[in-house]
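Numbering (the numbering used here), first residue to last: 9 to 1149.
The C-beta atom is built at its ideal place from N, Cα and C for all residues, glycine as well.
Presented below is the structure to which this report refers.
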Amino acid sequence: MSKLNDSIFRQAAIDPKRSFIVSAPAGSGKTGLIIQRYLALLSIVENPEEILCITFTRKAASEMLARVLIALEYAHTSPCPSDPNDATTWSLANKALARSKDLDWNLLDLPWRLRIQTIDGFSRHISNLFVVESSTGYASNPSTQPLVHYQTAAQVLLSRIEEDSLIGTYLGVLLGHLGNDFDLCAHLLCNLLERREQWLPLIFRIQNNTDYFHSVLDRITREHLENLASLLDPIINEFLYLTQQAAGRVSKESNSGLEQLRVLKGLPESSVTGLTAWKSLIRQFLTKSETWRQKLTANEGYPPVAKQQKLRALELIKWCQKVPGLLQLMISVLRLPEHHKTSAQHQILEALGYLLPHLVAELNVIFENSDECDFSAITLSALDALKSNDCSTTVSHASLQLDYSLKHILIDEFQDTSAIQIKLIELLLEGWEPDDGRTIFLVGDAMQSMYSFRNANVGLFLRVQQHSIAHIEIEPLTLTTNFRSQKLVIDWINDYFSSAFPSHENPSSGAVTYTRSIAAKTSTRKAEVNFFGYCGKNYDDFEARHISEICKQIRFNHPSDTIAILARNRSHLKAITPALGENNIKWQGIDIEPLSNRMQIVDMISLTRAIMSPSDRIAWLAVLHAPFCGLGLEDLLVIVNSTQNHSDENPLIIEQLINHFETTENRKKYSLTKYGEKALARIIPVLKNFWLNRRRQSLRDSLEDCWTKLGGMDALQNENDYEDIMTYLNLVSQTEVGGIIQNMESFQLAIDSLSSNPKLSELRNKDQNPVKIMTMHRAKGLEFDHVILPGLSRSVSERDKPLLLWNEYVDHVGHNDFIIATRGSEAEANDELYDYLRHDRATRARLEDTRVLYVAATRAIHSLYLFGELKQNGSKWRTPPPKSLLTNIWPKLSADIEKKRYIVHMAKNEEKHDFQESNQTVKAMRRFSANYRPRGKISQGINNRQRSSNATNSLTPQVTEKPYDNSFRSMQLGKCLHRTLKQIARYGVEDSGIEKLDRLKIGWRSQLKENGILASSDELDELNCALKNMLEDPFGKWLLETKQDSSVEVMFDYRFDNGAQIKRSIIDLTFLFENTRWIIDYKYAHPIAGQTIKNFTDNMIDRYRGQLHHYASLLRGIEDYPIRCGLYLPRVPLFIEIPDR
């Protein structure tokens, strides 16, 4: 590799004695740079705990830790590589290992000493470490569904409306402001609680300084007007002259604003006093719709007699159009509030200033009673601990304590920090002194800041770049080398985004300038960037077909290449996935489809609600209508009406089934369909057993048993459905307490937060490289050979109007201020200040949209494909919708379309292609054949084909094969083997001779039958063979022999750091041997045909490494023995050791 153009900066960045803020554009290798810096610091510190590396997600933290450990392991076992960058990493890792050896750190054996964690995790560490210093107390376990607690807190506060107190009075003011709509008020308060760490400090500040906002608005107004005057300076004299002349030609009645400017001698004051005059000046340039004027009329002071002056004024407007940022600045000035000092905001702000702290107090009580909290509470608690309560010093006791143990801080993705997180970092740095050997290293890319919905503020990154942080001297560095994409792709991105990004930085508005990248990758492969435009009807059909064809072509030419379809919104993918399926292109959706939208999960929710609430008739009827029961509406009506002649007005559905339809004789009394009669004969015994034995075992086991015996496994359509069911059942297991779900609302929210994500490990070997489909936000940090961006012309809807709006503003010297406003009352228009803040947020969102598109485009290595729908105005192309991503690059793109670089497809009476299977109007109900009986292999499954309008109710049996190995059937066979091995390990190998194995088949057959599995002779022989293999294998037999502290199926209950619910893990076998703790997990798996043992072993290690490491961490928490863990597979037989972390 040739010398990098920014190699001097990269070398400087790993100097452990200097502090830096590094701007690292996409593909510049910032993670590798952080790792090099981390390794360099390890070679100078006394203890590895003196270094803190902070990221923003658990995934990023775990990946960074893994890469550090890989670097150390590689330096320990391998010679120095030839690549210069890899050689630098190797050298730094080698020095770190030498330091580790000298000071006896044992980093390779004790990697947990490396402090790489999320900022939320670090905040919780501070909160709990300094619980005495924090007035909020110990940080409990974060709630998995804090929204339920927010809703409760809002309802509790509103219930005090009738109190004879200030709370009751101010609640009356707030509710009156919102039209006495309790639900709306509760909803708005609930939304505020989720972001309270942002506004809570602000509320306390405004209570003691009512003029604070006025001074901030005055400053913002002054800065806007000074910037506008600066941009207009080249034409200001002529502009003022033409304005004076135009003002003299209008009357007060026709244009009062312009008429007042006839006495204007110079520019108005750059203050609130001159704001009205400035707005009148701007309206000379802009229409009411805030676009540049294309013509001037007598109403603007240019009648036909002033033709020359009109032409000159139009020339000035054309000149203004070419000034970057001028239009947006003029629009912002027009939105600035003029009368905020007399606004009705004061009364409602006063009410909120009093009510919101009480709302937070109610929430804290609810959290305390449930022994839970949320991440906002953790952050506020950490801030409270680090703040000094001693008036004689600005440095808290907690900060001083951290000073002794914390010498170096590294922060990744710094562009995504929020104001509260910046404050936390500043408090950490308060006790630091110049040249005391401590450093801070910040890495990020303002061009990739795209998480404002998570409170990220890119202006804070720009502020630190310009003004440093706290009192620490930080040097800014900018990287420019791109290691990811080919030169053609980089050139296109530079060309398009250099004009799409703002020309000047503005920390207050979040305006970020573009930094050009230089491609380092050299490749002989063809690179491509193409735009597919379409004008006409059926755009979705056009887009889906072309994307499918592109994927098909790539798969043919480059089978091993990765492909990603990145959408701005999940709804933009509706037509694409069926088109991929039609072309037999395997795809994997990542966080695309909510789990609660999957029909098999809808059915499981109904089954859960049915057992939780016997009176929930809708849930019971939904269960009966589900595919595994299959009753039609006609039969459901018969069941519902079966007790209409009885005294019980609201009978339970389950009792109706048992009392009126359990026997054949009773079923004959009712007008059931033939299918209904046969189905009920199969269904009722299962549901009766399900009902009578409720709460006698865990809810998860009850649901799984009932679902299986009803035929739920056979009703699944593919392996993804099975993964969804397992995800749901795992959630039930985590949520239930004593066999019930105590809060169904919270449980439903938990389901809604999950996505249906097929596991790649479950795909067949030939499908190991599916097309990845995800949102643009989800793709950040990833890279793909080919990237497809659909739906770029689509807009997204605005969010609801919040009760409270606040924006942060960073001035030219780095001071951080804010403005806060409430939404207008239901009877009046919104307040001027609130409207201005909404406009300001919309401006920031538009700037962020540019960054979102940049992030999506920079994921591509070899090719990038963009799709958008275009419309025409006459012979010209219409500008895409203002809230679409295509708008950001439209000036450059439209020019390239005019140059014929990209061709827009024009539709000509094309018929819409239906990718949703077929165009038949009547769909068959998915259900089993009437004679279906549950069995392990699907011999009579569901026919999913649609039927014609004259089809009968019964469906033809369909023979299918189980499309996945990790089936319920395989799981039950494995459980049988587990139970047998448990017995052998408990009572000794000597009592389990091989000659006794045949007797076990009878027990196995009974156990499997109880779980809805009719085992074949071949399957029982397989079990027998597996057990025989283990008993004849010396190592397998050794595992089963009695040893010190030997235990089978050891249960551990524990709490996760990120969840309040108790979870359970079960270890198959553990024992002590030669002062070492062994952990063994049995697996019923075996290599498939044609699979090598090495490949099989590697797959098993990848799949179960996390599980075994988790078991090890549980045991490590209660004892100090060295640990060895592994998998034992009796069917092979084979022992696979998995190294402990």
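Residue range of the alpha helix (DSSP H) that residue i falls in?
i, result
"R617", "M607 to M620"
"Q125", "Taken as a continuous stretch (DSSP letters only), Q125 belongs to no alpha helix (DSSP H), being part of the beta strand (DSSP E) at R123 to T126."
"A915", "Looking at the DSSP string, A915 is not in any alpha helix (DSSP H), and its letter there is neither H nor E."
"D420", "Unbroken run through D420: none, as it is neither H nor E."
"Y730", "E727 to T743"
"K717", "L707 to K717"
Can you tell me whether residue i is buried or exposed, with buried defined as 16 or more other CB within 10 angstroms of its CB?
i, result
"W120", "exposed"
"V740", "buried"
"I1074", "exposed"
"S2", "Nothing can be reported for residue 2, as the shown portion of the chain is limited to 9 through 1149."
"Q153", "buried"
"E67", "Residue 67 is actually Lys in this sequence, not Glu. With fewer than 16 Cβ atoms within 10 Å of its Cβ, K67 is classed as exposed."
"I748", "exposed"
"K545", "exposed"
"P888", "buried"
"Q429", "buried"
"H354", "exposed"
"E267", "buried"
Measuring straight from C-alpha to C-alpha, what distance separates residue i and residue j?
i, j, result
"T735", "A850", "38 angstroms"
"R1072", "A587", "42 angstroms"
"D424", "P515", "14 angstroms"
"G35", "N538", "21 angstroms"
"V1140", "A758", "40 angstroms"
"N701", "G1125", "37 angstroms"
"Q991", "Y1119", "22 angstroms"
"S264", "A255", "9 angstroms"
"N591", "M721", "27 angstroms"
"A853", "V466", "12 angstroms"
"Q664", "G638", "18 angstroms"
"A915", "I828", "49 angstroms"
"D14", "H475", "23 angstroms"
"G597", "L432", "37 angstroms"
"K983", "E81", "38 angstroms"
"V1056", "L1142", "20 angstroms"
"A237", "R859", "28 angstroms"
"R953", "W595", "Here R953 scores only 37 on pLDDT, less than 50, and its place in the model should not be relied on; the value that follows carries that caveat. Straight-line Cα distance between these residues: approximately 22 angstroms."
Over the uninterrupted beta strand (DSSP E) stretch that includes residue i, give me the two end residues.
i, result
"W595", "W595 to G597"
"R1132", "I1131 to L1137"
"R1085", "T1084 to Y1090"
"E234", "Run containing E234: none in the beta strand (DSSP E); it sits in the alpha helix (DSSP H), Y220 to L240."
"H794", "F792 to L797"
"A575", "I571 to A575"
"K780", "V779 to T783"
"V537", "E536 to C543"
Nearest to residue i by alpha carbon, out of the options?
i, options, result
"W1086", "G1114, K1051, L179 and N1103", "K1051"
"S86", "R934, T160 and W98", "W98"
"Q302", "S764, E376 and C328", "C328"
"H1117", "I1101, G1134, K1045 and S1055", "G1134"
"N307", "Q317, S297, Q292 and R320", "Q292"
"D1089", "L901, F1060 and L1137", "L1137"
Take every Cβ of the region 633-651, pair it with every Cβ of the region 599-619, and state whether three or more of those distances are shorter than 8 angstroms. Using a C-beta cut-off of 8 angstroms, the region 633-651 makes contact with the region 599-619, since at least three inter-stretch Cβ pairs fall below that distance.
Do three or more CB pairs link the region 866-878 to the region 489-503 at distances below 8 angstroms? In this structure the region 866-878 touches the region 489-503; the number of beta carbon pairs closer than 8 angstroms is three or more.
Using 8 angstroms as the cut-off, can you tell me whether the region 364-384 makes contact with the region 156-169, which would need three or more C-beta pairs spanning the two stretches below that distance? Counting Cβ pairs under 8 angstroms, three or more are found: they touch.
Under 8 angstroms, with one C-beta from each stretch per pair, do the region 1077-1085 and the region 1033-1040 reach the 3-pair mark? Flag = no, the region 1077-1085 and the region 1033-1040 do not touch.
Taking contact to mean at least 3 C-beta pairs separated by less than 8 angstroms, is the region 41-56 in contact with the region 502-515? No, because fewer than three Cβ pairs between the region 41-56 and the region 502-515 fall closer than 8 angstroms, the two stretches do not touch.
Three or more beta-carbon pairs under 8 angstroms between the region 575-587 and the region 672-680, yes or no? Too few Cβ pairs lie closer than 8 angstroms, so no.
Measuring CB atoms only, is the region 329-346 touching the region 172-188, in the sense that at least three cross pairs come out at less than 8 angstroms? Not touching, per the Cβ criterion.
With three or more C-beta pairs closer than 8 angstroms as the rule, is the region 787-800 touching the region 567-582? Touching, per the Cβ criterion.
Touch test, the region 223-233 against the region 182-192, Cβ-Cβ under 8 angstroms, three pairs minimum: Contact between the region 223-233 and the region 182-192 is absent: fewer than three C-beta pairs spanning the two stretches fall below 8 angstroms.
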